[in-house]
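So the structure is just underneath, and the comments pick up after that.
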Amino acid sequence: MRGSAGGAHPAYGEVMRITHLGHACLLVEIAGERILIDPGSFTEGFEDLRDLSAIIVTHQHPDHLDEDRFESLVRANPGARVLTDPGSTDVLARLGVEGEVHDGDTRIGAVTITPVGETHALIHEEIARIPNVGVVLRADGEPSLFHPGDALDQDPGEVDVVAFPLNAPWALSRDTTGFLRRLNPPAAIPIHDGLLSENGRTIYLAQADAMGGPRTRVHDLAGRGVVEFGQ
Numbered sequence: 462m463r464g465s466a467g468g469a470h471p472a473y474g475e476v477m478r479i480t481h482l483g484h485a486c487l488l489v490e491i492a493g494e495r496i497l498i499d500p501g502s503f504t505e506g507f508e509d510l511r512d513l514s515a516i517i518v519t520h521q522h523p524d525h526l527d528e529d530r531f532e533s534l535v536r537a538n539p540g541a542r543v544l545t546d547p548g549s550t551d552v553l554a555r556l557g558v559e560g561e562v563h564d565g566d567t568r569i570g571a572v573t574i575t576p577v578g579e580t581h582a583l584i585h586e587e588i589a590r591i592p593n594v595g596v597v598l599r600a601d602g603e604p605s606l607f608h609p610g611d612a613l614d615q616d617p618g619e620v621d622v623v624a625f626p627l628n629a630p631w632a633l634s635r636d637t638t639g640f641l642r643r644l645n646p647p648a649a650i651p652i653h654d655g656l657l658s659e660n661g662r663t664i665y666l667a668q669a670d671a672m673g674g675p676r677t678r679v680h681d682l683a684g685r686g687v688v689e690f691g692q
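For the sequence shown, my numbering begins at 462 and goes up steadily by one.
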């Protein structure tokens, strides 16, 4: 597994391209498809994206589903399928958007999207837990990606790239590093970092890099634009 930024764009089938747009939001270009995950309120600019193949929502919290901009995003991408967890369909319905609950493998072109997990991590005993469905994206000849949403207990199977929450009200640093150790992917990319100061982010990144999976290399994509991951 390698990660690089910039340079010539190899042909489809050789690389997956990931853009960290901010917080938990990723644009994944895989097997000729453009798939957006978790366009939330902490992320700027996603509403300007066009030619999306799919828009995925892992759960209904505003930092993963921005109700103010979501409808316009869907309207600007009429060919995009909207895949959601069971709890977000009512939210989308209020916006006039019909979402598909992805409770089994979904094919988008040559990409297979597999739902992983069911429930959001515990924030507090007095806060009701909601559905949270992470996703694995796979296509022949390209790396696979796992985005967990807001949970650390899922089992995505063998994956090449794991997006991991760097900081959250529901997670301790040892939870995050334990998650990376358990999955031990070749590559990991930090997400869910919108609550951190620059100094705090540096500390969390250093802990993830030093105490995560023994074979895992952490790639910080923040502010780097499109980054390519190849087999």
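The C-beta atom is built at its ideal place from N, Cα and C for all residues, glycine as well.
If you follow the alpha helix (DSSP H) that E528 is part of, which residue opens it and which one closes it? Mapped onto the sequence shown, residue 528 falls at position 67. Run containing E528: E528 to A537, per the alpha helix (DSSP H) assignment.
Is P675 buried or exposed, if buried means 16 or more other CB atoms sit within 10 Å of its CB? Reading the sequence shown from its first residue, position 214 is the one you call residue 675. P675 comes out exposed.
Going by DSSP, what residues sit across from A612 in a beta bridge? The residue given as residue 612 occupies position 151 in the sequence shown. Under the DSSP definition of a beta bridge, A612 lacks any partner.
Going by DSSP, what residue range makes up the beta strand (DSSP E) through E689? If you number the sequence shown from 1, residue 689 lands on position 228. From DSSP, the beta strand (DSSP E) with E689 extends over V687 to G691.
Helix, strand or coil at R635 according to DSSP, with G and I counted as helix: Against the sequence shown, residue 635 aligns to sequence position 174. In this structure, R635 counts as helix in the three-state DSSP scheme.
What is the C-beta distance between H525 and D566, in whole angstroms, given that I count them as a contact (C-beta under 8 Å)? Here residue 525 refers to the residue found at position 64 of the sequence shown. Here residue 566 refers to the residue found at position 105 of the sequence shown. Rounded, the Cβ-Cβ distance is 22 Å, inconsistent with contact.
How many angstroms separate the CA atom of L656 from the CA atom of T637? Your numbering for residue 656 matches position 195 in the sequence shown. Your numbering for residue 637 matches position 176 in the sequence shown. Roughly 15 Å separates the two Cα atoms.
Cβ pair P604, G548 closer than 9 Å: Taking the sequence shown and counting its residues from 1, one reaches residue 604 at position 143. Taking the sequence shown and counting its residues from 1, one reaches residue 548 at position 87. Cβ distance not < 9 Å, so P604 and G548 don't count as in contact.
Taking just the CA atoms, how far does V543 sit from S514? Taking the sequence shown and counting its residues from 1, the one referred to as residue 514 is at position 53. Taking the sequence shown and counting its residues from 1, the one referred to as residue 543 is at position 82. For S514 and V543, the distance between alpha carbons rounds to 9 Å.
Would you say A649 and L487 are within 9 Å of each other, going by their C-beta atoms? Taking the first residue of the sequence shown as position 1, residue 649 is located at position 188. Taking the first residue of the sequence shown as position 1, residue 487 is located at position 26. Going by C-beta atoms, A649 is not nearer than 9 Å to L487.
In angstroms, rounded to a whole number, what distance separates the CA positions of Q615 and G560? Taking the sequence shown and counting its residues from 1, the one referred to as residue 615 is at position 154. Taking the sequence shown and counting its residues from 1, the one referred to as residue 560 is at position 99. Counting only the Cα atoms, G560 lies some 23 Å from Q615.
Counting only runs of 4+ residues fully inside the region 476-561, write out the alpha helix (DSSP H) ranges in chain order. Within the region 476-561, the complete alpha helix (DSSP H) runs of at least 4 residues fall at 528-537 and 550-555.
In this structure, does DSSP put G602 in helix, strand or coil? Your numbering for residue 602 matches position 141 in the sequence shown. The answer is coil: DSSP assigns G602 none of H, G, I, E or B.
Chain-order list of residues whose beta-carbon lies under 6 Å from that of L497 (same chain, five-residue window excluded): For the purposes of this step, residue 497 is identified with residue 36 of the sequence shown, where counting begins at 1. Here the set comprises L488, L513 and I516.
Check the DSSP bridge columns for A648 and list the partner residues they point to. As a position in the sequence shown, residue 648 is number 187, starting the count at 1. Looking at the DSSP assignment, A648 forms a beta bridge with V622 and R678.
Which term fits A612, buried or exposed, when burial requires 16 or more other beta carbons within 10 angstroms of its beta carbon? Your numbering for residue 612 matches position 151 in the sequence shown. Under this definition A612 is a buried residue.
Give me whichever residues DSSP pairs with R568 in a beta bridge. Here residue 568 refers to the residue found at position 107 of the sequence shown. R568 pairs with T573.
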